[in-house]
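Numbering (the numbering used here), first residue to last: 11 to 480.
Here is the structure we will look at, set down as structure tokens.
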């Protein structure tokens with residue numbers, strides 16, 4: 011009976027989520043394809059694809075992952091470490107729930123209430139006369155006399171807030187009439203606090219000497235800590251800002267590992283599997299991390315890094331496609347530079363004369379900027395109009411070009427020459443590398459299509475709903 015029930019459940023599941031394609035004989039469910047399609051073709055995507063257009067992109071993605079698996083890239087320690095980091099960022103928070111966070115909020119409230127104690131909170135203001143540690147006795151006497159006179163004025167009916175604004179030397183509170191706010195025992199200077207604890211609401215103290223100066227204190231009011239419900243929002247904000255959810259989850263992970271006599275890694279593996287079994291979005295997000303990291307590694311090996319380091323291949327590609335990289339107007343191949351001394355304008359030109367363009371940077375660095383004092387500032391490259399003010403002015407003859415100034419570097423010049431077209435691959439290296447990578451990827455995909463055949467169930471594909479443009 012048990013086997014027939016399980017078989018029935020599996021049959022229903024297959025009907026609800028049929029195979030949409032096979033990649034190298036491995037089935038891909040409709041839900042996985044739909045998840046990927048919808049995620050990559052949302053309303054914010056400019057180049058949105060139809061379901062039919064996306065099939066080839068998805069199939070190629072899967073082919074590359076198969077190639078990475080065949081290369082055993084998923085067994086690398088570095089890969090597994092990075093994958094677990096991404097995965098655990100999603101899985102770890104599921105070890106706790108809203109009740110756990112609520113309990114932590116109550117714990118924080120109870121802890122604060124205990125720390126505050128029966129005396130509660132004090133709302134205080136002060137008028138402050140600053141005394142620095144090395145001030146002479148004569149100045150200290152002046153500050154004490156000033157504090158005494160302010161106190162006398164207050165006793166005679168002067169307004170505390172007005173005197174604080176005019177005379178207090180505490181820049182953090184003076185503008186607010188000396189108001190410090192609600193504080194608790196243990197937050198203030200000892201002398202200040204000892205006086206505050208003896209006062210009644212509305213009372214103003216005589217000048218109190220602390221290690222930083224003289225304080226005239228007013229106790230504005232006193233209250234117990236507000237009820238939990240009224241502080242809950244601010245406590246929850248505190249929990250989020252301090253990332254205490256993560257700490258709660260990490261503590262829960264440690265407890266589970268000890269209780270089950272397993273490693274934390276084993277607990278996270280099991281948790282990931284159990285969530286994936288009931289939450290398709292989480293399942294495919296984790297799989298996306300898994301496959302995406304493999305895709306990056308295999309693409310880097312087979313295309314990106316491989317192409318960028320293949321000097322012979324790049325030069326061959328460049329020679330075959332020279333016409334593609336022609337310019338519509340001349341460019342300046344050289345440097346725009348600033349110097350501290352006028353004599354270095356000519357010295358730079360003599361330094362570079364007859365030397366290869368690729369050597370210029372090292373020559374200038376070793377000749378002019380080898381010690382702690384920079385003699386020149388240089389921008390080297392191939393410039394078209396509008397890229398550099400000095401080049402625009404001196405080479406392209408734009409009298410209105412805006413040249414950026416650099417402090418202490420008053421002299422400017424250029425050195426190089428105008429060229430009508432790229433002379434070597436490095437003149438347009440970035441474009442050549444990008445195009446060469448694209449060409450290599452096309453050849454790689456041709457190979458992958460032969461190695462990893464894909465079969466699409468068009469009837470199932472037709473049931474995938476497209477995102478409609480609003």
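For glycine and all other residues, C-beta sits at the position ideal for the given N, C-alpha and C.
Thinking C-beta only, is residue j closer than 8 Å to residue i?
i: residue 199; j: residue 179; result: no
i: residue 422; j: residue 400; result: yes
i: residue 286; j: residue 293; result: yes
i: residue 41; j: residue 27; result: yes
i: residue 224; j: residue 162; result: no
i: residue 482; j: residue 386; result: The structure shown does not extend to residue 482, since the chain is modelled only from 11 through 480, so no value can be given for it.
i: residue 115; j: residue 246; result: yes
i: residue 175; j: residue 184; result: yes
i: residue 211; j: residue 231; result: yes
i: residue 303; j: residue 93; result: yes
i: residue 327; j: residue 442; result: yes
i: residue 119; j: residue 192; result: no
i: residue 482; j: residue 390; result: Absent from the model: residue 482. The displayed extent of the chain is 11 to 480, so no value can be given.
i: residue 264; j: residue 274; result: yes
i: residue 241; j: residue 111; result: no
i: residue 83; j: residue 262; result: no
i: residue 325; j: residue 435; result: yes
i: residue 343; j: residue 407; result: no
i: residue 307; j: residue 89; result: yes
DSSP three-state call for residue i: helix, strand or coil?
i: residue 216; result: coil
i: residue 10; result: Nothing about residue 10 can be reported from this structure: the residues present for the chain run from 11 to 480 only.
i: residue 389; result: strand
i: residue 308; result: helix
i: residue 422; result: strand
i: residue 117; result: helix
i: residue 130; result: coil
i: residue 466; result: strand
i: residue 355; result: helix
i: residue 395; result: coil
i: residue 459; result: helix
i: residue 363; result: coil
i: residue 319; result: helix
i: residue 74; result: helix
i: residue 160; result: helix
i: residue 291; result: helix
i: residue 337; result: coil
i: residue 142; result: coil
i: residue 17; result: A caution first: residue 17 carries a pLDDT of 35, below 50, which makes its placement in the model unreliable, though a value can still be read off. Residue 17: helix per DSSP, three-state reduction.
i: residue 278; result: helix
i: residue 262; result: helix
i: residue 106; result: coil
i: residue 479; result: Bear in mind that the predicted position of residue 479 carries a pLDDT of just 43, short of 50, making it too unreliable to give a figure here.
i: residue 244; result: helix
i: residue 185; result: helix
i: residue 205; result: helix
Hey, residue i and residue j are a contact pair by Cβ (cut 8 Å); roughly how many whole angstroms apart?
i: residue 323; j: residue 446; result: 7 Å
i: residue 466; j: residue 65; result: 6 Å
i: residue 51; j: residue 59; result: 6 Å
i: residue 278; j: residue 57; result: Actually they are not in contact, since the Cβ atoms of residue 278 and residue 57 sit about 37 Å apart, beyond 8 Å.
i: residue 167; j: residue 234; result: Actually they are not in contact, since the Cβ atoms of residue 167 and residue 234 sit about 32 Å apart, beyond 8 Å.
i: residue 75; j: residue 384; result: Incorrect: roughly 50 Å between the Cβ atoms, too far for contact.
i: residue 160; j: residue 149; result: Wrong, their Cβ atoms sit about 17 Å apart, outside the cutoff.
i: residue 502; j: residue 356; result: In the structure as shown, the chain begins at 11 and stops at 480. Residue 502 is therefore absent and cannot be evaluated.
i: residue 388; j: residue 374; result: 6 Å
Kindly identify the DSSP beta-bridge partner or partners of residue i.
i: residue 227; result: 136
i: residue 37; result: 32
i: residue 427; result: 343
i: residue 82; result: Note: residue 82 sits in no beta bridge, so no partner.
i: residue 191; result: 134
i: residue 233; result: 131
i: residue 348; result: 387 and 422
i: residue 416; result: 419
Quick one: residues in its chain with C-beta nearer than 6 Å to the C-beta of residue i, no 5 flanking neighbours on either side, listed in chain order?
i: residue 430; result: 340
i: residue 69; result: 464
i: residue 73; result: 458 and 462
i: residue 34; result: 76 and 462
i: residue 171; result: 187
If you drop the 5 nearest sequence neighbours on each side, which residues of the same chain put their C-beta closer than 7 Å to that of residue i?
i: residue 412; result: 399
i: residue 100; result: 292, 295 and 296
i: residue 475; result: none
i: residue 157; result: 139, 217, 224 and 226
Using a threshold of 7 Å, is the CB atom of residue i nearer than that to any non-hydrogen atom of the ligand SAM?
i: residue 429; result: Annotation note on the ligand SAM: not contained in the displayed structure, which lists no ligands.
Within its chain, find whatever has a CB closer than 8 Å to the CB of residue i; leave out the 5 residues flanking it on each side and keep chain order.
i: residue 403; result: 409, 411 and 413
i: residue 227; result: 134, 135, 136, 202, 205, 206, 209, 214, 215 and 218
i: residue 473; result: 40
i: residue 239; result: none
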